[in-house]
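When the count follows numbering that gives the first Met the number 0, it moves up by one through the sequence shown with no breaks and lands on 123 for the last residue.
The structure appears right after this line, and notes come after that.
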Amino acid sequence: MAQPPADSNRRRYLRLQDNFRVELEPWAGTPLACDEEEKPDPVVAFSRDLSIGGICVVADRATSAGGIVEATIHVAEMDQALKVVGEVIRCDVRADGRYEIALRFAPGWIDESVRSQLERLVYG
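Written out as structure tokens, the structure is:
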């Protein structure tokens with residue numbers, strides 16, 4: 000019986016490879032959220048790929064795996080940025096010293112209109 004190639008995409012969702020500006024901030028609904036005056040600057044990153052289930056970004060600063068963040072995704076073709084909440088599932092240092100950060104979007108925390116916009120963006 001034939002098996003799929005080892006490098007086949009086994010991911011649940013189709014991924015759009017594009018370069019969007021993304022800002023990551025601690026989610027206001029977490030116990031780790033700070034007062035406005037104590038709030039750290041957002042982690043500014045650029046996407047490697049995006050799906051309706053998550054996003055992978057590259058940034059100059061790390062963020063903690065397991066943390067919950069709000070990601071603001073700026074898409075040139077859209078009037079407003081997309082805001083989603085997700086869990087940082089990994090943050091790996093790359094050979095160039097930057098960080099690859101993978102977020103899994105929390106399905107119950109994504110507004111339906113934002114999910115629809117993500118679907119249109121990814122699936123065209």
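Ideal Cβ placement from N, Cα and C applies to all residues, glycine included.
Predicted model, so just to flag it, every value in this text is computed and none were measured.
Euclidean distance between Cα positions of residue i and residue j
i           : j           : result
residue 109 : residue 68  : 12 Å
residue 102 : residue 88  : 6 Å
residue 117 : residue 75  : 14 Å
residue 97  : residue 45  : 11 Å
residue 105 : residue 47  : 19 Å
residue 49  : residue 21  : 11 Å
residue 93  : residue 99  : 7 Å
residue 60  : residue 111 : 30 Å
Residue i, buried or exposed, once every other Cβ within 10 Å from all chains shown has been counted against 16
i          : result
residue 25 : buried
residue 43 : exposed
residue 27 : exposed
residue 85 : buried
Sequence-distant residues of the same chain with beta carbon closer than 8 Å to residue i, five excluded per side
i          : result
residue 63 : 87, 90
According to DSSP, residues forming a beta bridge with residue i
i          : result
residue 53 : 103
residue 81 : 72
residue 89 : 101
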